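4 protein chains.
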Amino acid sequence: MQTPATPPEPPQGHPIDARRERPRDTREAILEAALDLFVEGGYHGTSVPQIAERAGIAAGTIYRHFEGKEALVNTLYREQKRAMMAATLGGLAATPGAPARVLFRRLWQELAGFARDRPRAFAFLELHHHASYLDAASQALEDQLTELGCALIAPLQAKEELKPVPAKLLVSLVLGALTGMVRAAREGHLTLDDATIDAAERCCWELVRG
Amino acid sequence: MQTPATPPEPPQGHPIDARRERPRDTREAILEAALDLFVEGGYHGTSVPQIAERAGIAAGTIYRHFEGKEALVNTLYREQKRAMMAATLGGLAATPGAPARVLFRRLWQELAGFARDRPRAFAFLELHHHASYLDAASQALEDQLTELGCALIAPLQAKEELKPVPAKLLVSLVLGALTGMVRAAREGHLTLDDATIDAAERCCWELVRG
Amino acid sequence: MQTPATPPEPPQGHPIDARRERPRDTREAILEAALDLFVEGGYHGTSVPQIAERAGIAAGTIYRHFEGKEALVNTLYREQKRAMMAATLGGLAATPGAPARVLFRRLWQELAGFARDRPRAFAFLELHHHASYLDAASQALEDQLTELGCALIAPLQAKEELKPVPAKLLVSLVLGALTGMVRAAREGHLTLDDATIDAAERCCWELVRG
Amino acid sequence: MQTPATPPEPPQGHPIDARRERPRDTREAILEAALDLFVEGGYHGTSVPQIAERAGIAAGTIYRHFEGKEALVNTLYREQKRAMMAATLGGLAATPGAPARVLFRRLWQELAGFARDRPRAFAFLELHHHASYLDAASQALEDQLTELGCALIAPLQAKEELKPVPAKLLVSLVLGALTGMVRAAREGHLTLDDATIDAAERCCWELVRG
DNA sequence: AATGAATGAGCCTTCATTCAT
DNA sequence: AATGAATGAAGGCTCATTCAT
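Going down the list, the protein sequences come from chains A, B, C and D. Numbering of the first sequence is given in the numbering used here, commencing with residue 40 and proceeding in unit increments. Numbering of the second sequence is given in the numbering used here, commencing with residue 40 and proceeding in unit increments. Numbering of the third sequence is given in the numbering used here, commencing with residue 40 and proceeding in unit increments. Numbering of the fourth sequence is given in the numbering used here, commencing with residue 40 and proceeding in unit increments.
Listed below in structure tokens is the structure:
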């Protein structure tokens with residue numbers, strides 16, 4: 040029933056053509072290693088040499104691909120954030136003008152699917168939310184998901200399909216609930232399977248329904 | 040309508056007797072400064088000299104009060120976690136055997152009140168959840184809130200006052216929603232006033248009601 | 040056969056009269072603790088707080104009795120050096136104009152006795168020989184033993200009772216041999232009993248005899 | 040008459056091929072500087088930045104070549120100890136089954152020659168004997184010289200070529216005498232020339248001869 | 001492009017010393 | 001005299017970054 044629109048990590052897809060294979064791989068390996076380590080130890084708790092070691096390259100090499108550590112997190116942040124937004128929007132685009140119930144379900148499924156399939160990406164985005172080392176470009180993406188939610192909600196509230204509370208509050212509650220579920224799964228208290236995701240979705244629908 | 044059982048930070052309560060005022064104040068100043076800075080920059084992003092400067096003391100002084108930086112975060116974590124638990128339990132103790140609706144409201148109000156009155160404490164606990172530098176004693180406190188929630192839920196589910204989904208899922212969703220609201224307030228998207236807390240509470244009651 | 044002119048450590052002898060007991064005891068306790076610790080860890084490897092702790096007093100108290108750490112080592116050095124010189128000279132004074140064989144034996148017994156009875160003092164003096172933190176007054180005492188030896192030797196060489204090699208060489212060899220024996224005992228390779236001291240004395244007599 | 044089997048310090052021997060010259064030189068420069076400074080100020084009295092400055096490198100660089108300060112002393116200790124043992128054994132290997140007189144002379148000459156040619160190495164080994172920061176591997180080498188001496192002595196005592204006193208005592212006395220001579224030379228009381236070494240050797244032969 | 005030795009600023013911590021009590 | 005909290009200068013070590021190869 041799930042639509043695993045988001046492929047499991049790492050989606051790097053071995054290039055069939057070996058053209059410029061090394062550079063691409065190196066860059067990817069760095070981002071991959073950084074994702075792991077930033078999730079485990081945070082930005083300040085992860086050193087560039089550590090990233091290099093995990094990526095299987097020399098420390099200096101990182102500076103051929105990124106201007107520095109800060110540029111690296113920002114690149115990672117933007118890539119992952121865009122991936123999450125793409126997954127979400129992909130789900131929505133398929134159903135313009137659908138009723139709230141359907142829209143909500145779709146959104147929930149997409150986001151939960153993303154969290155299940157790319158848990159490190161989800162954790163990374165959550166952990167680095169509003170961090171001081173994110174630059175302007177990254178910050179511009181920060182609340183995009185909330186804003187998307189708000190934009191979707193307004194017309195549905197007008198139609199009384201959703202509760203008449205401030206849109207931002209509704210979105211915060213729902214995204215917060217989703218995050219709570221994912222975190223519980225990450226810590227081993229839940230399994231993020233279809234049954235759980237579905238049950239959670241039904242609960243949260245009650246939260247928002249008009 | 041709110042019961043601000045939790046006093047605004049810092050609740051240090053000037054000692055009536057000025058005897059040995061310095062040591063207590065110094066320790067408190069360190070914890071205070073550390074709370075601020077750990078919330079702003081995280082554990083690894085905050086240096087001991089920074090904490091000392093903010094506390095208005097010399098760097099070496101911190102080591103007269105704490106064994107090291109790690110002992111400092113752990114002390115802070117435990118103190119704040121206990122304060123939050125105390126606030127929560129205090130609210131519950133007043134109403135043994137109350138119906139789910141009342142219990143839920145109480146719990147929500149207490150937690151939201153704590154988050155509103157001591158935003159840094161709430162943010163600190165959220166940020167340092169399951170961090171690698173927390174020791175065994177701190178980790179023992181980590182999921183106490185979730186466990187408390189689960190313990191409360193089971194009997195109420197049996198009475199069909201709450202939805203028949205796994206207790207841990209229900210708790211994760213609700214605590215997640217609360218956290219989402221608080222975070223949105225922290226980022227300026229909402230104001231954490233009584234009206235907002237109340238509206239959110241009514242929404243989330245729908246989430247859990249049977 | 041041994042003349043234990045030097046009492047075993049610590050010779051502090053609980054004073055029967057309690058007159059000014061504390062100050063004297065405190066000073067003595069500091070010197071005692073410092074002797075232990077300097078032998079174990081060296082000057083730079085021993086901290087003032089460590090000394091205070093071992094002496095059972097507060098760190099600040101040390102500065103009421105000594106100007107600083109350096110003054111403390113120097114005081115200790117001079118006291119112990121004088122004690123060793125006193126023991127040595129005491130032995131010699133009893134026999135003016137004795138034959139070389141007797142003189143040598145006396146000297147050896149006294150020094151070995153001192154090393155056996157006050158091993159920490161001997162080790163301390165050996166370890167801190169010509170150290171950079173010893174001041175002029177201490178350095179003035181440094182080679183006093185060697186000089187004493189040289190002064191004794193010259194007339195005996197003239198009488199052909201001792202080997203006609205440079206006095207300083209002879210003294211260095213003998214004192215070095217003694218030190219070698221004591222060190223071996225300290226490390227558990229020997230026992231510094233009368234038999235060993237005696238046997239060593241006879242060997243070293245051959246070294247010096249004319 | 041002396042066999043300067045041990046080359047004067049530093050024996051690093053400019054590499055004929057300049058390939059990768061830097062790393063080797065850096066490591067050597069660190070060891071060289073550390074040898075100097077440890078002899079002058081002891082282990083705890085010498086700081087890593089001091090070593091770096093004397094070696095003409097940045098402080099951080101030391102950690103690319105050694106795990107830490109302790110690893111550095113241990114490496115130094117082992118290298119120098121092995122060098123001394125090699126010099127000693129080299130002298131002995133040339134004369135299997137020689138009479139005691141010859142063996143003794145050879146041993147003495149080799150050790151005195153080492154002390155004369157590499158005074159800092161000799162002083163370093165003497166100063167760091169049985170220090171608490173030496174690890175198990177270093178400690179295993181500590182008493183090797185004494186043990187070698189004991190092994191040589193036993194058969195010669197059986198043939199009554201040496202005095203019938205405990206082997207360890209005899210060795211301690213002789214090595215101690217040698218050390219005494221070297222120390223006197225270091226302090227300017229003697230010159231460590233062939234005449235002095237020879238005279239001392241003849242004296243000490245009397246000490247050991249049967 | 002990649003390497004990895006080198007750098008030097010900065011981090012956590014300890015220490016000798018001072019001083020109000 | 002004694003205390004012990006406070007200080008701030010180092011100390012050992014790590015890290016982001018550079019650059020010659």
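C-beta: ideal position from N, C-alpha, C; glycine also. Remember, it's a predicted structure, so these values are computed and weren't measured experimentally.
Cβ-based burial, residue i [other Cβ within 10 Å; buried from 16]
i	result
B/L111	buried
C/D233	exposed
D/G130	buried
B/D174	exposed
D/G219	buried
D/P88	exposed
A/P203	exposed
A/V141	exposed
B/E149	buried
C/G152	buried
C/R103	exposed
D/A133	exposed
D/L128	exposed
A/A126	buried
D/A154	buried
D/A179	exposed
B/A139	buried
D/E60	Because D/E60 sits at a pLDDT of 46, beneath the cut-off of 50, its placement in the model cannot be relied upon, and the following sentence gives the value as read from the coordinates. Exposed, because fewer than 16 other Cβ atoms sit within 10 Å of the Cβ of D/E60.
A/T45	For A/T45, the predicted structure reports a pLDDT of 44, less than 50, and the residue's modelled location is therefore unreliable. The matter cannot be settled from this model.
Residue i and residue j closer than 8 Å at C-beta
i	j	result
B/L201	B/G249	yes
B/K37	B/L164	This structure cannot settle anything about residue 37 of chain B, because the visible part of chain B is limited to 40 through 249.
C/A238	C/L231	no
D/A160	D/A122	yes
A/A206	A/C189	yes
D/T65	D/I90	no
B/R144	B/E245	no
A/Y82	A/H168	no
B/A73	B/L115	yes
C/L208	D/T235	yes
Residues that DSSP places opposite residue i in a beta bridge
i	result
B/L70	Answer is none; B/L70 lacks a bridge partner.
B/R248	B/L201
Element boundaries [alpha helix (DSSP H), containing residue i]
i	result
A/H104	I101 to H104
B/E181	A175 to E181
A/R93	V87 to A94
A/Y116	K108 to A132
B/E226	Note, B/E226: premise wrong, no alpha helix (DSSP H); not H, not E.
C/P158	P158 to L166
Rounded distance between the beta-carbons of residue j and residue i, thought under 8 Å
i	j	result
D/I192	D/V210	7 Å
A/A176	A/N113	7 Å
B/E71	B/A94	7 Å
B/W147	B/C243	7 Å
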